[in-house]
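Report on the structure given below.
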Amino acid sequence: MKRLFFIIFFLAAAGSVLAQKYAYVDMEYILNKIPTYTNAQKQLEQLSSQYQKEIENKHFVIANMYSDYQKQSSGLSSTVRKQKEDAIISSEKEYKALQKKYFGSDGIMNQKRELLIKPIQESVNLAIQSIAVQNGYALIFNKTDESVIVYTNPAYDVSNIVLGRLGINN
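Here is the structure:
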């Protein structure tokens with residue numbers, strides 16, 4: 000009797016799963032069609048390039064300091080040698096602090112990314128949720144994350160519907 004109940008329960012559950020509607024979106028495609036997103040990406044790339052140049056310049060200065068120190072160290076007094084070593088160490092600390100300031104987990108780049116990109120992603124997610132509710136989709140997958148999806152049928156791609164909901168013509 001328990002076995003029969005289990006089989007009936009399993010079949011009912013399987014039937015309800017099979018009755019669910021699924022769709023997918025290509026998040027990369029959607030985001031690249033949104034002008035504010037592409038502009039934000041360009042701003043982030045420019046800012047990143049600017050910060051990277053600043054960091055590289057700092058590294059170049061440190062490398063020159065160290066090279067000069069190596070060339071001169073044998074002729075320097077212990078006091079002057081210690082001062083130069085301290086200056087190099089201090090510059091290296093500044094270099095690492097600058098990297099963290101710009102590219103660390105709480106750095107300027109992450110803050111700027113949150114400011115520029117997050118609102119766009121939230122509006123896309125709201126559009127996707129609205130489409131899911133309106134069309135009765137149980138799940139909408141992100142096609143861009145290919146680690147989960149092996150095959151996608153283009154008939155279930157709702158990316159253009161999301162763009163339409165966002166007011167973007169493709």
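Count the sequence shown with numbering that gives the first Met the number 0 and you get residues 0 to 169, in order. Where is the CB? At the ideal position from N, CA and C, for every residue including glycine.
C-beta contact flag for residue i and residue j at 9 Å
i: lysine 57; j: tyrosine 23; result: no
i: lysine 32; j: asparagine 141; result: no
i: leucine 115; j: glutamine 42; result: yes
i: glutamine 19; j: alanine 137; result: yes
i: serine 158; j: aspartate 25; result: yes
i: leucine 97; j: glutamate 27; result: no
i: glutamate 84; j: tyrosine 68; result: yes
Of the listed residues the options, nearest to residue i (C-alpha basis)
i: methionine 108; options: Arg164, Tyr36, Gln40; result: Gln40
i: phenylalanine 101; options: Leu46, Met64, Gln69; result: The sequence given here has tyrosine at residue 101, not phenylalanine. Measuring from the Cα of tyrosine 101, the nearest candidate turns out to be Leu46.
i: phenylalanine 59; options: Ile87, Thr143, Ser104; result: Ile87
i: asparagine 134; options: Asp144, Tyr155, Lys117, Thr143; result: Tyr155
i: tyrosine 36; options: Val132, Tyr65, Glu113; result: Glu113
i: tyrosine 65; options: Ile29, Thr143, Leu30, Gln82; result: Gln82
Cβ-Cβ separation, residue j to residue i (assumed contact under 8 Å), whole Å
i: isoleucine 160; j: isoleucine 119; result: Rounded, the Cβ-Cβ distance is 17 Å, inconsistent with contact.
i: serine 72; j: arginine 80; result: 6 Å
i: lysine 99; j: glycine 106; result: 6 Å
i: leucine 162; j: isoleucine 29; result: 6 Å
Every unbroken alpha helix (DSSP H) inside the segment 73 to 131 [4 residues or more]: Contiguous alpha helix (DSSP H) elements confined to the segment 73 to 131 occur at 77 to 102, taking only those with 4 or more residues.
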